Structure formats: structure tokens, C-alpha cells
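Asker: Supplied in C-alpha cells, the structure appears directly below.
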Amino acid sequence: MAAPLICPSILASDFARLGEEVAALERAGADWVHVDVMDGHFVPNLTIGPDVVKALRPHTSLPFDVHLMVAPVDPWLEAYRAAGADVLSVHPESGPHLHRTLGRIRDLGAKAGVVFNPGTPLSILEEVVDLVDLVLIMSVNPGFGGQKFIDSALNKIGRARAILDAAGSPAHLQVDGGVVAANAGACVAAGADALVAGSFVFKGGPDAYAANIAALKSAA
Ligand code: DX5
Ligand code: ZN
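Heads up: the sequence shown begins at 6 in our numbering, then just goes up one per residue.
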């Protein structure tokens with residue numbers, strides 16, 4: 006099995022030193038930078054606006070994987086793309102026309118992602134599978150880092166893998182929330198090829214990032 010993409014969530018980084026943090030992630034072997042955007046409405050937390058993404062862009066050449074937990078989401082797509090987002094992922098609940106939203110993201114030249122909360126039915130994926138470059142399975146309810154991995158996500162990853170394979174889709178299958186070395190192998194065995202991890206990557210400070218990322222890759 007190929008090593009999964011490791012996508013550290015900067016939600017767990019030192020927000021006073023964000024530029025240095027993304028540069029440190031690149032040196033430590035991260036593949037993508039996962040940016041959790043929260044609006045205090047769709048989820049009960051408030052985080053990173055497009056100007057912050059724009060300010061971070063010169064600090065790393067890694068792709069920016071922007072997870073939009075914002076409703077309505079459509080008015081924000083262009084601003085995050087212009088700020089330097091490479092992947093824009095949206096929740097089906099964050100707008101009335103998911104199909105149109107995903108098409109719009111691709112029109113902007115970004116990769117389009119669709120995100121499934123623990124309570125969101127995966128059947129939606131069958132309707133938009135040709136429009137997505139990434140499927141993100143949430144293994145926590147979104148809003149905060151440091152939560153415990155919900156084990157039923159593994160079954161959902163397996164079902165998403167089956168839908169993607171049946172459609173011949175090359176889309177990435179990503180998992181987000183409570184990912185640690187102890188469950189990374191099970192995520193990849195179930196079919197994930199990209200792991201988001203916040204708390205696990207950032208624990209121990211910058212000197213530990215490379216070992217933490219390596220631990221996730223080797224566990225998988
Ligand atoms: C939750 C976010 C996740 C989360 C990951 O809403 O989407 O990216 O911050 O953090 P950990 O790995 O600490 O669960
Ligand atoms: Zn996320």
C-alpha cells in the first residue's frame with residue numbers, strides 16, 4: 006500500500022506563529038496543509054479568514070487543503086481560491102445546490118472536495134461522484150480539534166472507497182478528526198489515502214513534527 010498523504014491541520018498550531026508553523030510542516034515532510042475554516046454558525050467555533058490564507062501562501066509551497074465549515078459557503082469560494090487554496094472542500098449541508106457548488110469550485114481551477122459528517126448519508130456521493138476530486142469522511146463532529154475518533158467512520162471509509170472504485174474515480178479519500186498513529190493503519194486499510202491530523206502532528210512542538218508525521222506514515 007502506498008503511504009498516505011499526511012495533511013496536518015493548522016487548527017492545532019501556534020496561531021501567533023502561523024507562517025513559521027507551515028514552513029516547519031513542509032520541512033517535516035507534510036504533504037498538504039489542512040486549513041479548517043469555521044464560521045461560528047455552521048460549527049460552534051470561529052477560525053481562519055481568506056486574508057490569513059493569503060498571508061500564509063508565501064511561507065510554503067505545499068498545497069493548501071481548505072476545509073470550509075461555513076454556511077452559506079458559495080459566497081466564500083472565490084476569496085479562498087484567490088487567497089491560494091488548491092483544494093476547496095464543502096459540506097452538503099452548507100448550501101442548497103451541492104452539484105452547482107462543486108462545479109463552481111472546479112471552474113475556479115481548484116480541486117473540489119465533498120465532506121461527510123458522521124450523521125450525513127454517503128448516498129449523496131453517488132450523485133456527485135464525477136464532480137469530486139476528494140471525499141472527506143469526518144471521524145468527529147466538526148468544530149474542534151482534539152476529539153476522539155468515532156470508530157464507525159472506518160465502515161464509512163470502506164463504503165466510500167467502494168463507491169469511488171465502482172465509478173472509476175481517482176478522487177482522494179481523506180479522513181479527518183482524532184487521527185493518531187494507533188488508528189492510521191485502520192483508516193488506510195479501509196481505503197483512505199489521505200490523513201488529516203491536528204493534535205497528533207503538533208504535539209511536542211516543531212522539533213517533533215517530523216517524527217510525528219513519520220509515525221503516521223509508518224503506522225499506515
Ligand atoms: C474538526 C476539523 C479537524 C480537526 C483535526 O472540525 O475539521 O481538522 O481539527 O484535529 P484533530 O486531529 O486534533 O482531531
Ligand atoms: Zn478539517
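Just so you know, even glycine gets a beta-carbon here, dropped at the ideal spot from N, CA and C. As the structure is a computational prediction, the values presented were derived from the model and not from experiment.
What are the start and end residues of the alpha helix (DSSP H) that includes PHE205?
Answerer: That run of the alpha helix (DSSP H) goes 204-207.
Asker: How would you write the range of the beta strand (DSSP E) that PRO13 sits in, first residue to last?
Answerer: 10-13 is the span of the beta strand (DSSP E), which, as asked, contains PRO13.
Asker: Using only the alpha-carbon positions, how far apart do VAL38 and GLY89 sit?
Answerer: Taking the straight line joining both Cα atoms gives about 12 Å.
Asker: So ASP56 is in the alpha helix (DSSP H); what residue range does that whole segment cover?
Answerer: Element bounds for ASP56: 55-61.
Asker: Kindly indicate the opening and closing residues of the alpha helix (DSSP H) around ILE168.
Answerer: That run of the alpha helix (DSSP H) goes 157-172.
Asker: Would you call ALA171 buried or exposed, if buried means 16 or more other Cβ atoms sit within 10 Å of its Cβ?
Answerer: ALA171 is exposed by the Cβ-count criterion.
Asker: Please return the same chain residues whose Cβ sits closer than 6 Å to the Cβ of PRO211, not counting the five positions on each side in sequence.
Answerer: If we look at PRO211 and ignore the five residues flanking it on each side, its Cβ neighbours are ALA29.
Asker: Going straight from the alpha carbon of ALA7 to that of VAL40, what length do you get?
Answerer: Distance between the alpha carbons of ALA7 and VAL40: 24 Å.
Asker: Just checking my contact of GLN152 with GLY190 at CB under 8 Å: how many whole Å lie between their CB atoms?
Answerer: The pair is not a contact, with the Cβ atoms about 20 Å apart (cut-off 8 Å).
Asker: Determine the direct distance from the alpha carbon of ALA167 to that of PHE2, and round the result to whole angstroms.
Answerer: Coverage of the chain is limited to positions 6 through 225, which leaves residue 2 absent and any answer about it impossible.
Asker: Put GLY151 into one of helix, strand or coil per three-state DSSP.
Answerer: Here GLY151 sits in coil by DSSP.
Asker: Below 8 Å on the Cβ atoms is my contact criterion, and I expect ASP36 with ILE53 to pass it. Report the Cβ-Cβ distance as a whole number of Å.
Answerer: Contact doesn't hold; Cβ gap of about 20 Å is too wide.
Asker: With a threshold of 16 other CB atoms inside 10 Å of the CB of LEU51, please say whether the residue is buried or exposed.
Answerer: Classification of LEU51: exposed, given that the 10 Å Cβ count is below 16.
Asker: The ligand ZN and SER99: does any heavy atom of the ligand fall closer than 7 Å to the residue's C-beta?
Answerer: No - the ligand ZN has no heavy atom lying nearer than 7 Å to the Cβ of SER99.
Asker: Would you tell me roughly how many angstroms separate the C-alpha atoms of ALA87 and VAL58, rounded to the nearest one?
Answerer: ALA87 and VAL58: Cα-Cα distance of roughly 9 Å.
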